[in-house]
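Okay, so here's the structure we're looking at.
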Amino acid sequence: MSVKPAVYIESSIIGYLASKPSRDLITAAKQQYTAEWWETKRSNYQLFVSDTVIAEISLGDSVLSAERLNKIQGISVLFSDARAETLAMRLLEANYLPRQAVTDAIHIATAVVQEMDYLLTWNCKHIANAITRPKIEKFLTSAGYSCPVICTPEELEGG
49 MSVKPAVYIE SSIIGYLASK PSRDLITAAK QQYTAEWWET KRSNYQLFVS
99 DTVIAEISLG DSVLSAERLN KIQGISVLFS DARAETLAMR LLEANYLPRQ
149 AVTDAIHIAT AVVQEMDYLL TWNCKHIANA ITRPKIEKFL TSAGYSCPVI
199 CTPEELEGG
């Protein structure tokens, strides 16, 4: 029996999965794609969230927050530790992410130190970004880490 690849589910995935339907076409498409991936592809992977994800998805409207938390029931929780926090600070200090993107750096660092195969996100501003991603990967590799594949649901398993 083969081991399923490990996927770190970043907060934006849960946000798109459990949000009010959007009138914006791009956002609505991401919501739909996320729901389809969740229903048809997630069983191919071992899913993980982190304490940081739980803190983020707990914010905001109490009804939607409860729905987001319900979506992650049964998913294993990773805890950010000193190694992840140190690595996150190194990513910020090296200017691979803007200083205000502390939480995004913690998501990346947690996925790295916990040896995830994939980091699944819709955060294309700071994480799954064609400019940022190769810089982060090069930095992590040069620091002796194996970088998870950073991707959107659309990229994981080719859609």
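Counted the way my numbering counts, the sequence shown spans residues 49 to 207.
Even for Gly, the Cβ is constructed at its ideal location relative to N, Cα and C.
Since this is a predicted model, take the numbers as computed values, not measurements.
Counting of Cβ neighbours within 10 angstroms places N92 among the exposed residues, the total staying below 16. Taking C-alpha positions only, E203 is separated from A157 by approximately 21 angstroms.
Ranked by Cα distance from L135, the options V161, S59, S67, I57 are led by V161. Sorting K173, S190, A191 by C-alpha distance to the C-alpha of I198 places K173 at the top.
In the DSSP annotation of this structure, V197 is not part of any alpha helix (DSSP H); the continuous beta strand (DSSP E) holding it starts and ends at 197–199. Within the segment 76–105, the beta strand (DSSP E) runs of at least 3 residues that lie entirely inside it are, in chain order, 94–98. Listed as beta-bridge partners of Y56 by DSSP are F96, L167. The three-state secondary structure of S190, taken from DSSP, is helix. Judged by DSSP in its simplified three-state form, V125 adopts strand. Residues of the same chain with a CB within less than 6 angstroms of the CB of I57, apart from the 5 flanking positions on each side, are L95, V97, L168 in chain order.
Membership of I156 in the alpha helix (DSSP H) is indicated by the continuous run 150–161. Counting every other CB atom within 10 Å of its CB across the protein chains shown gives K78 a total of 16 or more, marking it as buried.
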